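Engineer:
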Ligand SMILES: NC(=O)c1ccc[n+]([C@@H]2O[C@H](COP(=O)([O-])OP(=O)(O)OC[C@H]3O[C@@H](n4cnc5c(N)ncnc54)[C@H](OP(=O)(O)O)[C@@H]3O)[C@@H](O)[C@H]2O)c1
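In this note's numbering, the protein residues as written are 11 to 419.
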């Protein structure tokens with residue numbers, strides 16, 4: 011491979027994949043980036059690259075990174091005709107990691123990037139006879155996630171899953187369908203389905219300040235540390251380090267003789283539980299108290315979970331409020347990783363165990379870059395109070411009117 015087109019290089023996975031490409035190939039990497047300012051595009055790419063490569067060992071290779079102004083949601087990838095033709099003639103592999111990863115955005119907002127965008131990349135690959143690796147997601151499993159005993163095989167696609175809860179999941183499923191259809195029209199494809207992508211398993215690095223959308227799991231850590239309070243849950247929790255996904259992507263995309271038209275579940279074969287993550291935070295030195303789940307959610311929803319005298323909320327608690335319906339539905343599905351392990355283990359590519367050492371590495375990094383308070387600086391912690399504080403719009407309005415109407419002394 012001498013010319014590779016990479017999308018999503020300013021994101022969590024694409025940035026780490028770029029590091030892998032610069033370290034382990036001689037290819038020139040064309041990075042499709044939104045915006046027309048080439049200097050800014052290069053800075054944004056390098057910000058994420060050097061978040062992972064903190065010692066900037068790859069600075070001498072930066073000439074192999076070529077920012078290309080484009081947008082996958084646009085026909086022709088938003089490229090000028092001349093650039094489109096030039097790339098068609100030279101690109102011999104496309105690694106497609108760009109996506110809208112919002113878990114709450116509507117299908118209308120997500121589909122132009124995650125569905126039509128994939129079709130535009132397919133069009134490019136078919137026109138230029140370039141193979142394509144597509145980063146899908148384990149969340150294409152949809153509501154089968156809650157089915158006891160369900161195991162998602164790597165060859166599975168339509169298993170009768172529904173997508174009522176999340177349009178992001180639907181978009182990934184629909185995109186995988188487009189890719190398989192294009193395979194029947196001559197596209198050479200590989201699909202990977204990463205689990206929850208966390209930081210680098212060796213360094214702990216993760217672009218917490220460089221990317222717009224931080225992984226919800228980091229927001230979860232932040233919320234646990236800030237509130238110092240949670241509820242017990244023995245639900246499985248996937249931790250898939252970004253270096254595992256990036257190394258797997260490069261290996262699979264460059265071994266098409268065995269990976270062509272295959273899908274790989276890149277989840278951690280040894281998941282941890284939510285309780286296990288909380289226990290690791292405690293062992294790392296943080297205080298996290300358990301309260302019964304219904305009590306926690308009731309307090310959250312009624313504004314009685316207070317921190318420093320104010321109702322506590324965070325990105326994580328907001329998301330919990332959206333998805334928690336008071337039921338006992340649990341994530342029960344498992345992901346079969348047989349094919350991924352058979353392809354990757356012989357090449358020395360293994361997913362790190364979700365153990366204390368790994369989680370401590372992530373916590374240390376997040377504290378070092380100021381995303382989390384260090385254990386000794388944790389606090390003030392949240393408390394549940396019995397009476398709700400007035401906080402609603404109507405209450406504020408009413409109180410405001412009363413004070414304005416109050417007679418002056
Ligand atoms: N993160 C996870 O836990 C996870 C888990 C499973 C699967 N995945 C999949 O892995 C892939 C990478 O995810 P990520 O976590 O790296 O996402 P991310 O950090 O949010 O990065 C998304 C990337 O896509 C780019 N992008 C968005 N819209 C675009 C458009 N219209 N045209 C061109 N580029 C566009 C973004 O560019 P800007 O910088 O301009 O916004 C950014 O570089 C995605 O396909 C995602 O669905 C992620």
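Beta carbons are placed, not taken as given, at the ideal position from N, Cα and C, and that holds for glycine.
Computed from a predicted structure; not experimentally measured.
Measure the alpha-carbon distance for residue 348 versus residue 369 and round it to whole angstroms.
Structural biologist: Rounded to the nearest angstrom, the two C-alpha atoms are 25 Å apart.
Engineer: Give the DSSP-derived three-state secondary structure of residue 294 in the structure shown.
Structural biologist: Looking at residue 294 - three-state DSSP - the assignment turns out to be helix.
Engineer: With DSSP collapsed to three states, give me the class of residue 25.
Structural biologist: DSSP places residue 25 in helix when its eight states are reduced to three.
Engineer: Counting C-beta neighbours from all protein chains within 10 Å, is the total for residue 280 16 or more, i.e. buried, or is it exposed?
Structural biologist: By the 10 Å Cβ count, residue 280 comes out exposed.
Engineer: Consider the C-beta atom of residue 356 and the heavy atoms of ligand 1; say whether any pair is separated by less than 7 Å.
Structural biologist: Residue 356 Cβ: outside cutoff for every heavy atom of ligand 1.
Engineer: Distance check for residue 112 and residue 60, CA to CA, integer angstroms please.
Structural biologist: Approximately 25 Å, taken between the alpha carbons.
Engineer: If contact is defined by three or more beta carbon pairs under 8 Å, each pair taking one atom from either stretch, is the stretch 128-146 in contact with the stretch 46-55?
Structural biologist: The stretch 46-55 is not in contact with the stretch 128-146.
Engineer: Go to residue 150, then tell me how far its alpha helix (DSSP H) extends in each direction, as first and last residue.
Structural biologist: Taken as a continuous stretch (DSSP letters only), residue 150 belongs to no alpha helix (DSSP H), as it is neither H nor E.
Engineer: Going by beta carbon distance, what residues of the same chain come within less than 6 Å of residue 193, once the five residues before and after it are set aside?
Structural biologist: The residues are 199 and 271.
Engineer: Where do the N-terminal and C-terminal ends of the beta strand (DSSP E) with residue 278 fall, by residue?
Structural biologist: Per DSSP, residue 278 belongs to no beta strand (DSSP E) and is neither H nor E.
Engineer: For my contact list, residue 383 and residue 235 are in at a C-beta cut-off of 8 Å; report their separation, rounded to the angstrom.
Structural biologist: With 8 Å as the limit, residue 383 and residue 235 qualify as a contact, their Cβ atoms being about 6 Å apart.
Engineer: Give the range of the beta strand (DSSP E) segment to which residue 38 is assigned.
Structural biologist: Unbroken beta strand (DSSP E) run through residue 38: 38-43.
Engineer: Measuring only the C-alpha atoms, how far is residue 305 from residue 185?
Structural biologist: Roughly 40 Å between the two C-alpha positions.
Engineer: Go to residue 381, then tell me how far its alpha helix (DSSP H) extends in each direction, as first and last residue.
Structural biologist: Unbroken run through residue 381: none, as it is neither H nor E.
Engineer: What would DSSP say about residue 144, mapped onto helix, strand or coil?
Structural biologist: In this structure, residue 144 counts as strand in the three-state DSSP scheme.
Engineer: So residue 298 packs on residue 389, CB below 8 Å; how close in whole Å?
Structural biologist: Residue 298 to residue 389, Cβ: 12 Å. No contact.
Engineer: Flag this pair as yes or no: are the beta carbons of residue 385 and residue 296 separated by less than 8 Å?
Structural biologist: The answer is yes: Cβ separation under 8 Å.
Engineer: Residue 326 by DSSP, collapsed to three states: which one?
Structural biologist: Residue state, collapsed to three classes: helix.
Engineer: Report whether the distance from the Cβ of residue 83 to the nearest heavy atom of ligand 1 is below 7 Å.
Structural biologist: Indeed, a heavy atom of ligand 1 lies less than 7 Å from the Cβ.
Engineer: Counting only the same chain and skipping the five closest in sequence on each side, list residues whose C-beta sits under 7 Å from that of residue 227.
Structural biologist: The answer, listed in chain order, is 206 and 208.
Engineer: Tell me residue 66's beta-bridge partners as DSSP assigns them.
Structural biologist: Answer is none; residue 66 lacks a bridge partner.
Engineer: Whole angstroms is fine: what's the gap from residue 135's alpha carbon to residue 340's?
Structural biologist: Approximately 40 Å between the Cα atoms of the pair.
Engineer: Under the three-state reduction of DSSP, which class applies to residue 207: helix, strand or coil?
Structural biologist: Three-state result, residue 207: strand.
Engineer: I'd like to know whether the C-beta of residue 309 is nearer than 8 Å to at least one C-beta of chain B.
Structural biologist: This model lacks chain B altogether; it includes just one protein chain.
Engineer: Which residue wins for smallest C-alpha separation from residue 250, given the options 172, 106, 204 and 90?
Structural biologist: Measuring from the Cα of residue 250, the nearest candidate turns out to be 204.
Engineer: Please state whether DSSP places residue 83 in a helix, a strand or coil.
Structural biologist: In the structure shown, residue 83 sits in coil (DSSP, three-state: anything other than H, G, I, E or B).
Engineer: Tell me where the alpha helix (DSSP H) around residue 184 begins and ends.
Structural biologist: Residues 177-193.
Engineer: Return the CA-CA distance between residue 300 and residue 162, expressed in angstroms with no decimal places.
Structural biologist: Residue 300 and residue 162: Cα-Cα distance of roughly 32 Å.
Engineer: Considering only residues of the same chain and omitting the five flanking positions on each side of residue 173, which have a CB-CB separation below 8 Å?
Structural biologist: Contacts found: 152, 153, 179, 180 and 183.
Engineer: Report yes if the CB atom of residue 145 is closer than 8 Å to the CB atom of residue 106, and no otherwise.
Structural biologist: Cβ atoms of residue 145 and residue 106: closer than 8 Å.
Engineer: Measure the beta-carbon distance from residue 189 to residue 201 and round it to whole angstroms, keeping in mind my assumption that it falls under 8 Å.
Structural biologist: Confirmed, Cβ separation roughly 6 Å.
Engineer: Can you grab the Cα-Cα spacing for the pair residue 308 / residue 333, in whole Å?
Structural biologist: So the two alpha carbons sit approximately 14 Å from each other.
Engineer: Looking at the secondary structure, which residues open and close the alpha helix (DSSP H) in which residue 218 lies?
Structural biologist: Taken as a continuous stretch (DSSP letters only), residue 218 belongs to no alpha helix (DSSP H), as it is neither H nor E.
Engineer: Which residue spans inside the stretch 95-127 form an unbroken beta strand (DSSP E) run of at least 3?
Structural biologist: Within the stretch 95-127, the complete beta strand (DSSP E) runs of at least 3 residues are 103-106.
Engineer: So, is residue 116 buried or exposed, given that buried needs 16 or more other C-beta atoms within 10 angstroms?
Structural biologist: Result: exposed.
Engineer: Would you mind sorting residue 212 into buried or exposed? The rule is 16 or more other CB atoms within 10 Å of its CB.
Structural biologist: Classification of residue 212: exposed, given that the 10 Å Cβ count is below 16.
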